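Sequences listed follow chains A and B, in order.
For the first sequence, numbering that gives the first Met the number 0 begins at 0 and goes up steadily by one.
For the second sequence, numbering that gives the first Met the number 0 begins at 0 and goes up steadily by one.
Data first, discussion second: the structure below is written as structure tokens.
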Amino acid sequence: MSDDANLESFREEVRAWLADHFPSAISGRGAELVGMESVARDPDLEKWRVALGEKGWGTPTWPAEYGGGGLSQKQAQIIDQEMRKIGAFNPLPVMAGMGITMVGPTILEYGTEKQKQKHIPPICRGDVFWALGYSEPNAGSDLASLQCRAEDKGDHWLVNGQKTWTSGADHAQWIGCLVRTDFDAPKRDGISFLLLDMDQPGIETRPIELIGGSSPFCETFFNDAKADKDEVLGELNGGWTVGKRLLQHERQSQTGARSSGGAAAKVTLQDLALKYVGVDDDGKLADPDLRARIADHLMKAQAQRLTTQRVIAEAKGNHKVSAAASILKNAASSVSQEKDELMLEILGHQGLGWEGHDFQDHELAAVRGWLSAKAMSIYGGSFEIQNNIIAKNILGLPETTQKG
Amino acid sequence: MAALTEEQELLKEQAKSWANEEAPVSKFREMRDAKTEEGFDRGTWKSISEMGWAGILVAEEHGGVAMGHLTAGVVLEELGRQLTASPLLASGIVGASALALAGNEAQQAAWLPRIAEGSAIVTLAVDEGPRHAPLQTRLSAKEDGDGFVLDGRKVHVLEGLAADAFVVAARTSGSAGDAEGLTLFLVDGDSAGIDRSRLSTADSRGYANVTFTGVRVGADAVMGEIGDAAEVLDRILDRARAALSAEMLGTAAQSFDMTLDYLKNRVQFGQVIGSFQALGHRAATLFTEMEMARSCVEAALAAIDEDADNTALLCSLAKAKAGDFLHHMSNELIQIHGGIGMTDGFDAGLYLKRARAAEATYGNQAFHRDRYASLQGL
Numbered sequence: 000m001s002d003d004a005n006l007e008s009f010r011e012e013v014r015a016w017l018a019d020h021f022p023s024a025i026s027g028r029g030a031e032l033v034g035m036e037s038v039a040r041d042p043d044l045e046k047w048r049v050a051l052g053e054k055g056w057g058t059p060t061w062p063a064e065y066g067g068g069g070l071s072q073k074q075a076q077i078i079d080q081e082m083r084k085i086g087a088f089n090p091l092p093v094m095a096g097m098g099i100t101m102v103g104p105t106i107l108e109y110g111t112e113k114q115k116q117k118h119i120p121p122i123c124r125g126d127v128f129w130a131l132g133y134s135e136p137n138a139g140s141d142l143a144s145l146q147c148r149a150e151d152k153g154d155h156w157l158v159n160g161q162k163t164w165t166s167g168a169d170h171a172q173w174i175g176c177l178v179r180t181d182f183d184a185p186k187r188d189g190i191s192f193l194l195l196d197m198d199q200p201g202i203e204t205r206p207i208e209l210i211g212g213s214s215p216f217c218e219t220f221f222n223d224a225k226a227d228k229d230e231v232l233g234e235l236n237g238g239w240t241v242g243k244r245l246l247q248h249e250r251q252s253q254t255g256a257r258s259s260g261g262a263a264a265k266v267t268l269q270d271l272a273l274k275y276v277g278v279d280d281d282g283k284l285a286d287p288d289l290r291a292r293i294a295d296h297l298m299k300a301q302a303q304r305l306t307t308q309r310v311i312a313e314a315k316g317n318h319k320v321s322a323a324a325s326i327l328k329n330a331a332s333s334v335s336q337e338k339d340e341l342m343l344e345i346l347g348h349q350g351l352g353w354e355g356h357d358f359q360d361h362e363l364a365a366v367r368g369w370l371s372a373k374a375m376s377i378y379g380g381s382f383e384i385q386n387n388i389i390a391k392n393i394l395g396l397p398e399t400t401q402k403g
Numbered sequence: 000m001a002a003l004t005e006e007q008e009l010l011k012e013q014a015k016s017w018a019n020e021e022a023p024v025s026k027f028r029e030m031r032d033a034k035t036e037e038g039f040d041r042g043t044w045k046s047i048s049e050m051g052w053a054g055i056l057v058a059e060e061h062g063g064v065a066m067g068h069l070t071a072g073v074v075l076e077e078l079g080r081q082l083t084a085s086p087l088l089a090s091g092i093v094g095a096s097a098l099a100l101a102g103n104e105a106q107q108a109a110w111l112p113r114i115a116e117g118s119a120i121v122t123l124a125v126d127e128g129p130r131h132a133p134l135q136t137r138l139s140a141k142e143d144g145d146g147f148v149l150d151g152r153k154v155h156v157l158e159g160l161a162a163d164a165f166v167v168a169a170r171t172s173g174s175a176g177d178a179e180g181l182t183l184f185l186v187d188g189d190s191a192g193i194d195r196s197r198l199s200t201a202d203s204r205g206y207a208n209v210t211f212t213g214v215r216v217g218a219d220a221v222m223g224e225i226g227d228a229a230e231v232l233d234r235i236l237d238r239a240r241a242a243l244s245a246e247m248l249g250t251a252a253q254s255f256d257m258t259l260d261y262l263k264n265r266v267q268f269g270q271v272i273g274s275f276q277a278l279g280h281r282a283a284t285l286f287t288e289m290e291m292a293r294s295c296v297e298a299a300l301a302a303i304d305e306d307a308d309n310t311a312l313l314c315s316l317a318k319a320k321a322g323d324f325l326h327h328m329s330n331e332l333i334q335i336h337g338g339i340g341m342t343d344g345f346d347a348g349l350y351l352k353r354a355r356a357a358e359a360t361y362g363n364q365a366f367h368r369d370r371y372a373s374l375q376g377l
């Protein structure tokens with residue numbers, strides 16, 4: 000059978016399986032359920048999670064021997080297409096915290112056979128929520144100056160220190176941490192990537208309330224916390240390399256601007272502007288200054304989407320990895336933040352609400368979204384760090400900012 | 000969106016090496032210094048034509064190679080890098096597109112083969128005031144017996160001095176600003192009553208103001224429908240805009256490369272200046288703008304080739320983003336080079352001057368932002 004025919008018969012298989020297993024009661028409710036920070040378990044959602052996890056289709060391209068789907072990219076696309084058609088969705092990436100987007104791919108790449116057998120199957124099933132411990136109060140952009148330490152106690156590691164900006168640490172079962180394991184080596188050379196069970200008395204978490212009112216991040220404290228000796232991911236003192244690789248997975252997962260798909264895309268900036276600002280006698284938006292700035296923004300947004308498409312097309316054509324890929328994170332965060340600012344300006348007084356019935360839901364959401372999105376140019380390597388990376392790695396300019 | 004094909008990559012290399020060897024920016028400088036009347040070098044134009052590029056859009060039945068707009072853009076980008084001056088844009092792209100989209104069989108048969116072999120230059124005469132505004136056309140075409148009489152003035156006509164024929168946007172009814180009442184005429188450059196005056200411009204290219212006084216043309220000079228040319232004129236202009244965007248991208252990309260090279264070699268305070276974060280971040284910002292502009296330009300050219308529904312939107316996007324980037328880049332080219340950038344002996348000034356001229360041609364960034372907004376319903 001040809002490849003195309005194989006894919007078509009696979010599509011039939013996907014349709015049949017979805018018809019049998021996806022609860023129609025939660026059709027189209029992906030954004031709402033998946034977006035819930037508490038990962039509340041609706042019975043239908045729970046049923047769907049279990050079915051998808053057992054099938055391995057929540058992580059379709061991961062190896063089947065560890066609980067993944069063992070499928071090709073094309074097959075994974077077919078699953079995605081067929082799920083969209085019936086309003087189905089994959090809740091596992093959110094239920095697994097950083098497990099599917101970042102930790103899992105990194106364990107698959109660097110982990111020992113034992114680590115893969117132990118950690119990958121629960122991620123595929125959506126059973127385990129993973130957090131990440133990178134930043135510390137005094138180690139943000141200069142991450143390599145981190146101080147959280149793990150001492151070799153013979154049969155275990157003893158961990159002491161503090162992490163911050165740990166996403167979802169308050170309900171995570173496991174955490175991947177960058178810790179210092181060699182206290183005399185130059186700063187990047189003494190770091191290891193350690194996997195810790197969060198369910199132990201030596202680890203405490205404290206949520207951080209953000210300017211948008213939500214608390215997606217925690218401070219995480221380690222007081223004589225313990226990790227098994229074989230939970231170092233990759234080489235001992237080779238954690239900097241592992242950690243950087245993991246961040247590449249993070250940047251990849253952030254490069255699709257929020258405007259692409261989902262409930263938020265239904266109302267466009269244009270529609271809102273026409274509704275809230277009105278038009279002049281020529282039928283043009285009544286505020287010519289705002290009109291020009293919205294047009295400029297829409298152009299940037301389209302340029303950013305076209306660039307994402309170009310990077311994908313060039314990657315498929317077996318071209319060398321497109322240099323354009325390096326700009327995607329900054330481009331996506333700028334476009335997204337600019338959109339939020341314009342949204343607020345369009346809404347006027349209605350774009351200043353915090354809560355209550357004087358404001359419509361989408362107006363309140365615009366305010367919260369505007370505030371939350373300020374983080375986009377800070378996390379995963381700030382805007383400025385991204386520009387350092389472009390200058391050094393893509394343009395070949397000398398590095399001056401990171402000494403030692 | 001698709002990546003460039005292997006064939007297009009090969010043509011890119013061919014165009015790059017030809018431009019570097021046969022028509023580098025030093026040759027443009029010689030042409031400028033010699034005050035060459037036509038604003039381009041006839042020998043360079045002959046070479047371009049011999050390679051088939053003059054007929055890059057022209058159908059094979061009319062002697063062209065019909066390689067499409069994205070491929071033409073690849074060539075224009077490489078020529079834009081060296082500021083190679085030639086009628087390729089005005090005639091090979093715009094003149095050929097006007098004939099292909101609006102010309103009848105006889106007009107196509109008469110002119111397209113000559114455009115393709117480079118023996119005739121056909122250019123579009125559209126603007127009449129200081130800013131690009133096709134609908135503001137006042138040049139009148141009045142019916143007279145079995146023909147028309149043209150009266151009016153076109154300004155800043157590309158290759159207006161060298162042109163063998165003009166595609167003239169004229170008004171057969173209505174008044175300035177109306178979309179109704181526009182008609183295109185194909186007018187032989189030798190017609191009685193045409194007066195051309197050469198413009199000496201900062202970018203040293205070939206422009207002329209062209210006055211039409213009682214110019215009599217036959218009914219066979221009409222291109223397309225009488226009084227109904229606004230839409231096809233826009234389509235012709237969109238091809239012009241997308242192609243010019245590709246040339247502008249090349250001009251800006253070369254400016255970027257020159258600047259990056261300088262950042263890596265110029266030493267001050269005992270280190271190369273590219274090691275200063277203030278400059279490294281500016282380079283990263285420019286690189287980001289360049290990649291975004293490239294995506295827009297390629298998308299617009301591909302949309303024309305595919306006759307996509309959103310072609311007009313993408314052409315305005317491409318012209319605006321290429322224009323924004325070229326504007327910013329040409330200013331940074333001077334600023335980052337410092338004093339040397341201000342000297343006429345260095346090439347930066349040539350790129351800056353070309354930048355503003357190209358930005359203003361067929362609609363500047365403001366024109367295309369406004370058009371984009373209207374197309375988005377704003």
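Every residue, glycine too, gets a C-beta built ideally from N, C-alpha and C.
Predicted model only: the values in this text are computed from it and were never measured.
For this session: If I'm right that valine 209/B touches serine 190/B with Cβ under 8 Å, what's the distance once you round it to whole angstroms?
Result: With a Cβ gap of about 11 Å, valine 209/B and serine 190/B do not count as contacting.
For this session: Could you name the residues of chain A that lysine 320/B contacts, counting a contact when the two beta carbons are closer than 7 Å?
Result: Chain A residues near lysine 320/B: Met298, Ala302.
Exercise. For the 8 Å Cβ check, are there 3 or more pairs between the stretch 76 to 86 of chain A and the stretch 117 to 131 of chain A?
Worked result: Not touching, per the Cβ criterion.
Problem set entry | Sequence ranges, alpha helix (DSSP H) only - wholly within the stretch 304 to 346 of chain B, length at least 4 | Counting whole runs of 4 or more residues, the stretch 304 to 346 of chain B contains the alpha helix (DSSP H) stretches 310 to 336.
Exercise. What number of angstroms, rounded off, separates the C-alpha of arginine 257/A from the C-alpha of leucine 232/B?
Worked result: Only weak support exists for where arginine 257/A lies, its pLDDT of 39 falling under 50; the value from the coordinates is given anyway. If you take the alpha carbons of arginine 257/A and leucine 232/B, they lie about 37 Å apart.
Problem set entry | Supposed contact pair valine 296/B and alanine 252/B - C-beta distance, whole angstroms, cut 8 Å | With a Cβ gap of about 11 Å, alanine 252/B and valine 296/B do not count as contacting.
Exercise. Comparing alpha-carbon positions, which option in Leu142/A, Pro200/A, Asp41/A lies nearest proline 22/A?
Worked result: Here the closest residue by C-alpha is Asp41/A.
Exercise. Considering only the beta carbon of each residue, do alanine 317/B and arginine 240/B sit closer than 9 Å?
Worked result: Yes. Within cutoff.
Exercise. Rounded C-beta distance between threonine 180/A and leucine 235/A? I'm assuming under 8 Å.
Worked result: Correct: roughly 6 Å between the Cβ atoms.
Exercise. So which residues of chain B does glycine 395/A contact, with C-beta pairs closer than 9 Å?
Worked result: Leu259, Lys263, Gly273, listed in chain order.
For this session: Could you check which residue in Gly344/B, Asp308/B, Ser294/B, Leu312/B has the C-alpha nearest to that of glycine 330/A?
Result: It should be noted that the sequence gives alanine, not glycine, for residue 330/A. Checked all of Gly344/B, Asp308/B, Ser294/B, Leu312/B; the closest Cα to alanine 330/A is Ser294/B.
For this session: Closer than 9 Å, Cβ to Cβ, to anything on chain E: give me those residues from the stretch 367 to 389 of chain A, in chain order.
Result: Included in the structure are the protein chains A and B, with no chain E among them.
Exercise. Can you round the beta-carbon distance between glutamate 116/B and glycine 54/B to whole angstroms, since I take them to be within the 8 Å contact cut?
Worked result: Confirmed, Cβ separation roughly 7 Å.
Exercise. Among the residues of its own chain, which have a CB less than 7 Å from the CB of histidine 248/A, if the five just before and after it don't count?
Worked result: A distance below 7 Å between beta-carbons, with the five flanking residues on each side excluded, links histidine 248/A to the following residues of its chain, in chain order: Thr100, Met101, Pro104, Thr105.
Problem set entry | Minimum length 4: unbroken alpha helix (DSSP H) runs contained in the stretch 71 to 150 of chain A | Qualifying alpha helix (DSSP H) stretches, in chain order: 72 to 84, 91 to 94, 103 to 109, 112 to 124.
For this session: Closer than 7 Å by C-beta to aspartate 43/A: which residues in its own chain qualify, once you throw out the five before and the five after it? Chain order, please.
Result: Cβ within range, chain order: Pro22, Ala24, Ile25.
Problem set entry | Which of helix, strand or coil DSSP assigns to glycine 261/A | For glycine 261/A, the pLDDT reaches just 37, beneath the cut-off of 50, and the residue's location in the model is therefore unreliable, although a value from the coordinates is still provided. Secondary structure at glycine 261/A: coil, using DSSP grouped into helix, strand and coil.
Exercise. Which whole-angstrom value describes the C-beta separation of proline 215/A and serine 166/A, a residue pair presumed to lie in contact below a C-beta threshold of 8 Å?
Worked result: Their Cβ separation, rounded to whole angstroms, is 6 Å, which keeps proline 215/A and serine 166/A in contact under 8 Å.
Problem set entry | Residue-level contact to chain A via CB, tyrosine 371/B, 9 Å cutoff | At a cut-off of 9 Å between beta-carbon atoms, tyrosine 371/B makes contact with chain A.
Exercise. Beta-carbon separation of lysine 299/A and glycine 380/A under 9 Å?
Worked result: Cβ atoms of lysine 299/A and glycine 380/A: not closer than 9 Å.
Exercise. When DSSP labels each residue in this structure, what does arginine 197/B get in the three-state scheme?
Worked result: Arginine 197/B falls in the strand class under three-state DSSP.
Exercise. What residues from the stretch 292 to 307 of chain B come within 8 Å of chain A, judged by C-beta to C-beta, listed N to C?
Worked result: Closer than 8 Å at the C-beta level to chain A, one finds these residues of the stretch 292 to 307 of chain B: Ala292, Arg293, Ser294, Cys295, Glu297, Ala298.
Exercise. Whose C-beta lies closer than 8 Å to the C-beta of aspartate 227/A among residues of the same chain, with five residues either side of it excluded?
Worked result: So the list reads His155, Trp156, once near-sequence residues are dropped.
Exercise. Buried or exposed: where does valine 310/A fall if 16 or more other Cβ atoms within 10 Å of its Cβ makes it buried?
Worked result: The Cβ neighbour count for valine 310/A, taken over all protein chains shown within 10 Å, is at least 16; the residue is labelled buried.
Exercise. Excluding the five sequence neighbours on either side, which residues of its own chain have a C-beta within less than 8 Å of the C-beta of glutamine 334/B, listed in chain order?
Worked result: Around glutamine 334/B: Gly340.
Problem set entry | For alanine 291/A and arginine 368/B, believed in contact at Cβ under 8 Å, the rounded distance | Contact flag correct, Cβ pair sits at about 6 Å.
Problem set entry | Close-in-space but distant-in-sequence residues of the same chain around serine 140/A (CB under 6 Å, 5 per side omitted) | Only Ser381, Ile384 meet the Cβ criterion.
Exercise. Is the closest heavy atom of the ligand NAD to the C-beta of glutamine 74/A under 8 Å?
Worked result: As presented, the structure is devoid of all ligands, the ligand NAD included, so that no description of it is given.
Exercise. How big is the Cα-Cα spacing for alanine 264/A and alanine 272/A?
Worked result: At alanine 264/A the pLDDT is 46, less than 50, meaning the model places this residue with poor confidence and gives no usable figure here.
For this session: Below 8 Å on the Cβ atoms is my guess for threonine 163/A versus serine 134/A; work out the distance and round it to an integer in Å.
Result: Confirmed, Cβ separation roughly 5 Å.
Problem set entry | Range covered by the alpha helix (DSSP H) that runs through glutamine 172/A | It is not in any alpha helix (DSSP H) - glutamine 172/A carries neither H nor E in the DSSP assignment.
Exercise. Under the three-state reduction of DSSP, which class applies to leucine 157/A: helix, strand or coil?
Worked result: In the displayed model, leucine 157/A falls within a strand according to three-state DSSP.
Exercise. Name the chain A residues that come within less than 8 Å of threonine 287/B, Cβ to Cβ?
Worked result: The contacting residues are Ile326, Asn329, Ala330, Ile389.
Exercise. Mind checking if aspartate 279/A is an interface residue toward chain B, Cβ cutoff 9 Å exclusive?
Worked result: Taking 9 Å as the CB threshold, aspartate 279/A stays off the interface with chain B.
Exercise. Alpha carbon to alpha carbon, what distance is there between leucine 313/B and alanine 292/B?
Worked result: Straight through space, the alpha carbons of leucine 313/B and alanine 292/B are spaced by roughly 11 Å.
Problem set entry | Classification of glycine 261/A by the beta-carbon crowding that lies within 10 angstroms, buried from 16 upward | Note that glycine 261/A scores a pLDDT of 37, beneath 50, so its modelled location is shaky; the value from the coordinates is reported in the next line. Glycine 261/A is exposed by the Cβ-count criterion.
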